[in-house]
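Notes follow the structure.
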Amino acid sequence: MTPATDAGRSPLRIVRVAGLAAVFAGAGHVLMMGAKSLLLGQFIWSSRDVVWMAPVGYLLVFGALAVPLALLAALRPRWVPQAAVVFLYATAAAFSVALLFPRIHPIASLLVAIGIGVRSAQSALDAGSGWPRLARSAGGTVAALLALTAVGMRGMRAWRDDAAWRALPASADGAPNVLYIILDTVRARNLSLYGYARPTSPNMARLAAEGVTFDYAFATTSWTLPSHGSLMTGVDAKELSAAWFVPLDDSTPVLAERMAARGYRTGGFVANHVYTAWESGLARGFHTYEDYLVSLKQVLLSTSLLQTELASELSAARRWSGRMAALRRLNLQVHPAFYSDRKPAERVVDEFLAWEGLASDQPYFAFLNFFDPHEPYEPPGRFRTMFGEGKTPEDLYDGSLAYLDQELGRLADTLRARGTLDRTLVVIVADHGEHLGDHGIWGHSNSLYEQLLRVPLIIRFPGRVPAGVRVRQPVSLRDLPVTLLSLADSAAPPSLPGVSLTGAWQRSDFRGSDILAELRVAGRRKIPPGPSRFGDLHSAVRDSLHLIRNGDGSEELYDVVRDGEERTNLSANRAAGDSVVTWLRSRLPATGKK
């Protein structure tokens, strides 16, 4: 038996070839992510730890394939020739990297990968082939480098966080902690706090009874990134850079920077990996920022092969018929934005509480983002069937709300037990709501109806914020950043735009910033069903009236107090000279044709 032939049949050497191919795939993956992020400024929707996660992920995926091949080689050596092994792994490695080029059709990528596999197999058959030697020598070096990278990256972040804390200026005497909780995809109308029949929010209601509840708080848009941008800057979404494939830039000061300048240690703990992770621009100003999990699932999902629609469909299928249907479709499109190890509310709370418990003489500003009510609705355990049998989207959505509420209760109870809750300014709000079939629409980022814009808002701070107060006056979420700053230190001059909402419970004639919302569709690759298919949407709220101007220029007018579900369009019934309607129209740009 020749050395070349023996190289393919040895079980150990098969594993080594698999490892070498994984190294090439991982290196190619990391280089592609680096080029997209650093050179092109594109979203890569990957953990900062992709530098080591991707290579380890490919090692695990390719290694799993090597196990049956190695067993077969041990039992039937002639069935596993070296050329076939090299062809298989070289093709897999090349295809894994080629999948990262979205403009190239997956079939074309596969053909290119097969060509590379054939050439590699031919090379392995050469008498002087270096495949076995290279595979044997690379293993230990690669393992050591990956371990050092993983430990080094985590250690560097910890060192950087500690150094930033030490460099903070002194905070004002008696400066409170600030806890900014942003719930992703929570509409006010499905919370029992706002009169919903199902008990979805008893813990939020308990906190609300100890502070101020806003009955008509409106987001500045109906999707995550620009809404969070407004919640961090005090600027309307339409004035921010944040878009579908564009992060929040550094041209606008953010709340975390302002708090750090006042001597606050800052920490972000987020669960939405699509639009609140490190590359979204929302991490600016935070000393600590925890987004992606470090887990086996996240490592595996750092490989392009497991980011394909095919892999997702196979894992989601519960029956053989579903798996066979997925194989017939053979959808190899890669969508990294939607494939990560989902972080539940329990984990977000645990991360924050561990950080909050660190010994420090400085007050903190913490930002928590919870993703549980976002589709796909996957409430855990008993919450899946808490409302009905969990067969309808609304049952599952409400179950997700109840689970989230439980974790918010645990967070509050822990802070209360630690004696820090009453020394902490707590704000609970949502970035946008959700359509559950209303207006014939599902999801979000597709309209500016009440179901997407009206969200919960609670402010609790004993001694500065009265207990048990409900504000009926509509307000804009863009006013929250300056409100937090004024409540944290009323003596300091405002350093962010907006109108402090403290006046909402202090004066009957209070009026905050104009309540405006916008939904831009430019740059979006796929427009979902809903009004957004006609173009950009704009809306304004004044008193109880909500005016929406659609992309085709048509208008819809609703009374959000009397007609909360916005079923009756009043635009044809209001007099042209109505002062409120005239004001609303003056605030919206002209779009399309009427």
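Residue numbers in the sequence shown follow my numbering, run continuously in steps of one, and reach 595 at the last position.
Where is the CB? At the ideal position from N, CA and C, for every residue including glycine.
Beta carbon of residue i nearer than 7 Å to that of residue j
i: ALA220; j: LEU585; result: no
i: VAL335; j: SER305; result: yes
i: ILE528; j: ARG534; result: yes
i: ALA91; j: VAL16; result: no
i: TRP279; j: ARG79; result: no
i: ARG324; j: ALA317; result: no
i: ALA431; j: PRO457; result: yes
i: SER540; j: TRP224; result: no
i: ALA272; j: PHE353; result: no
i: TYR365; j: ARG263; result: no
i: ALA22; j: ALA122; result: no
i: TYR181; j: PHE25; result: no
i: LEU538; j: LEU488; result: no
i: LEU301; j: LEU307; result: yes
i: PHE199; j: GLU435; result: For the record, residue 199 in the displayed sequence is Arg; it is not Phe. No; because the gap between Cβ atoms is not below 7 Å, this pair is not in contact.
i: LEU416; j: ASN204; result: no
Own chain, CB closer than 7 Å to residue i, minus 5 neighbours either side, in chain order
i: ALA209; result: LEU194, ILE459
i: ASP423; result: PRO463
i: ARG285; result: ASP251, VAL255, ALA257, GLU258
i: LYS37; result: GLN43, ILE45
i: LYS239; result: GLU519
i: LEU60; result: GLY20, ALA23
i: THR201; result: ASN191, LEU192, SER193, ASP399, LEU402, ALA403, ASP406
i: PRO467; result: VAL213, TRP506
i: ASP560; result: SER545, LEU546, LEU571
i: ARG575; result: LEU558, VAL582
Helix, strand or coil at residue i according to DSSP, with G and I counted as helix
i: ALA168; result: coil
i: TYR340; result: coil
i: HIS30; result: helix
i: ALA591; result: coil
i: PHE372; result: coil
i: PHE366; result: strand
i: THR393; result: coil
i: SER509; result: coil
i: TYR290; result: strand
i: PRO378; result: According to the sequence displayed, residue 378 carries Tyr and not Pro. It is coil, neither helix nor strand.
i: ILE15; result: helix
i: ALA128; result: Residue placement at ALA128 is flagged as unreliable, the pLDDT there being 49, under the threshold of 50; the coordinate-derived value follows with that caveat. ALA128 falls in the coil class under three-state DSSP.
i: TYR195; result: helix
i: VAL470; result: strand
i: VAL500; result: coil
i: THR150; result: helix
i: SER316; result: helix
i: SER401; result: helix
i: SER568; result: Per the sequence presented here, residue 568 reads as Arg, with Ser not at that position. ARG568: coil per DSSP, three-state reduction.
i: THR421; result: coil
i: THR309; result: strand
i: ALA5; result: Because the pLDDT of ALA5 is 42, which lies under 50, any placement of that residue in the model is unreliable, and the number read from its coordinates should be weighed accordingly. Helix, per DSSP.
i: VAL187; result: coil
i: VAL295; result: coil
Contact set for residue i: own chain, Cβ-Cβ below 6 Å, skip 5 residues either direction
i: GLY389; result: ASP396
i: ALA128; result: Bear in mind that a pLDDT of 49 at ALA128, under 50, signals an unreliable position, so the model cannot answer this.
i: ASN332; result: GLU310, LEU311
i: GLY64; result: ALA19
i: SER346; result: Looking at the sequence itself, residue 346 is Ala, so the reference to Ser does not match. Only PHE371, ASP373, LEU405, GLU408 meet the Cβ criterion.
Which residues DSSP lists as bridging residue i, in chain order
i: ASN598; result: This structure cannot settle anything about residue 598, because the visible part of the chain is limited to 2 through 595.
i: HIS436; result: GLY444
i: VAL476; result: ALA218
i: ILE460; result: VAL213, VAL428
i: TYR181; result: PHE368, VAL428
i: ILE45; result: According to DSSP, ILE45 bridges with nothing at all.
i: TYR559; result: HIS547
i: ALA541; result: LEU517, LEU548
i: ARG455; result: PHE219
i: VAL335; result: THR309
Contacts around residue i, its chain only, beta-carbon distance under 8 Å, and the 5 residues preceding and following it disregarded
i: VAL31; result: VAL51, VAL52, ALA55, PRO56
Any non-hydrogen atom of the ligand FMN closer than 6 Å to residue i Cβ
i: PRO530; result: Looking for the ligand FMN in the displayed structure turns up nothing, as the structure carries no ligands at all.
### Task
Quick one: which unbroken alpha helix (DSSP H) runs of 4-plus residues sit fully inside the stretch 72-117? Chain order, please.
Counting whole runs of 4 or more residues, the stretch 72-117 contains the alpha helix (DSSP H) stretches 83-99.
### Task
Only counting runs of 4 or more residues, tell me where the alpha helix (DSSP H) segments fall wholly within the stretch 213-288, in order along the chain.
Listed in chain order, the complete alpha helix (DSSP H) runs (minimum 4 residues) inside the stretch 213-288 are 225-234, 256-262.
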